[in-house]
Amino acid sequence: MARAVILDVNQTMLDLGALDALFAEWFGDPVIRKEWFAQTLHFALTLAATRSFESFGEVGAVALADIAHRHHVLLPENAPTRLREAMLRLPAHADVEPALRLLRDAGLVTAALSNNPLPVVSEQLRHAGLAPLFDEIMSVDEAGALKPAPEVYQFAAGRLGFAPQSIWMVAAHGWDIAGATRAGLRGAFVARPGQSPDPFALPEIIADDLPSIARAILDAEHLPHA
């Protein structure tokens, strides 16, 4: 039976650490980048839970303003624009390409699914050199909901033409895996630094890097690999 693997984009494949210089410039502390992204996800999760929708780019801009207010920082007027532009140029983690090649060499369909708008995620993956390694690049905008709303994963399964149980969701976010598995997909969690799986929705696979995730998926599917 054919299988598909969907990978989350921000943090799972792309390194948000590249934004640290901006936050050091604005706040005097690069660690504020983590606070900003956590706040962005908090707003997004609230929207998803209440079945409301806003563009993820707008959510990130509102979170930036919120963090600036909290730290009593006056941001330059072009800060949201500079942040959006920097998001387009995030580098891929070094383990992403080898993992994707393992999956594709074994015959699995590969897809990316992001909360970012489609033009943004497409440009992100193009800039990172990953776009040719995907059969599908998808945005939650097409589903009209933000992850981890079940409608997102149902949309993705329909786009790929696979039954949910034939699809693996790979992410560095426990809430993303929780949303996917509760929608019938199978979960694989990559433990990026500071990230942990949702204890109420433990994935089938947990590993420290994406090649290990890829090999574990191939083992679960009884497919050969190097």
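Under the numbering used here, the first residue of the sequence shown carries the number 410, and numbering increases by one thereafter.
Glycine residues also receive a C-beta, built at the ideal position from the N, C-alpha and C atoms.
Quick caveat: nothing in here was measured; it's all calculated off a predicted structure.
Residue span of the alpha helix (DSSP H) that contains residue i, given as start and end
{"i": "S531", "result": "L527 to H536"}
{"i": "E486", "result": "Note, E486: premise wrong, no alpha helix (DSSP H); not H, not E."}
{"i": "T421", "result": "No alpha helix (DSSP H) holds T421; DSSP gives it neither H nor E."}
{"i": "A447", "result": "I441 to A458"}
{"i": "L473", "result": "F465 to R479"}
Check: residue i C-beta below 7 Å from any heavy atom of the ligand GTP
{"i": "L569", "result": "The ligand content of the structure shown is nil, which means the ligand GTP is not present either."}
Residue range of the beta strand (DSSP E) that includes residue i
{"i": "R510", "result": "Note, R510: premise wrong, no beta strand (DSSP E); alpha helix (DSSP H) at V505 to D514."}
{"i": "A520", "result": "V518 to S523"}
{"i": "E434", "result": "Taken as a continuous stretch (DSSP letters only), E434 belongs to no beta strand (DSSP E), being part of the alpha helix (DSSP H) at D429 to F436."}
{"i": "A413", "result": "A413 to L416"}
{"i": "E545", "result": "E545 to S548"}
Proximity of residue i and residue j at Cβ, strictly below 8 Å
{"i": "V561", "j": "A572", "result": "no"}
{"i": "D607", "j": "A587", "result": "yes"}
{"i": "L416", "j": "V529", "result": "no"}
{"i": "L569", "j": "A521", "result": "no"}
{"i": "V599", "j": "T449", "result": "no"}
{"i": "I576", "j": "L594", "result": "yes"}
{"i": "V505", "j": "L632", "result": "no"}
{"i": "A501", "j": "L539", "result": "yes"}
{"i": "L454", "j": "W584", "result": "yes"}
Residue i to residue j span [Cα, whole Å]
{"i": "N525", "j": "L534", "result": "12 Å"}
{"i": "F465", "j": "R591", "result": "22 Å"}
{"i": "A566", "j": "R479", "result": "40 Å"}
{"i": "L499", "j": "D544", "result": "21 Å"}
{"i": "H451", "j": "A477", "result": "16 Å"}
{"i": "R412", "j": "D514", "result": "13 Å"}
{"i": "G603", "j": "G426", "result": "13 Å"}
{"i": "W445", "j": "N419", "result": "13 Å"}
{"i": "A558", "j": "L431", "result": "31 Å"}
CB contact below 8 Å: residue i versus chain B
{"i": "F432", "result": "This model lacks chain B altogether; it includes just one protein chain."}
Is it true that the stretch 482-502 meets the stretch 430-445, where meeting means three or more beta-carbon pairs spaced less than 8 Å apart?
yes
Could you tell me which whole alpha helix (DSSP H) segments of length 4 or greater appear in the stretch 557-634?
559-569, 583-591 and 619-629
Below 8 Å, can you find three or more Cβ-Cβ pairs linking the stretch 507-515 to the stretch 465-474?
no
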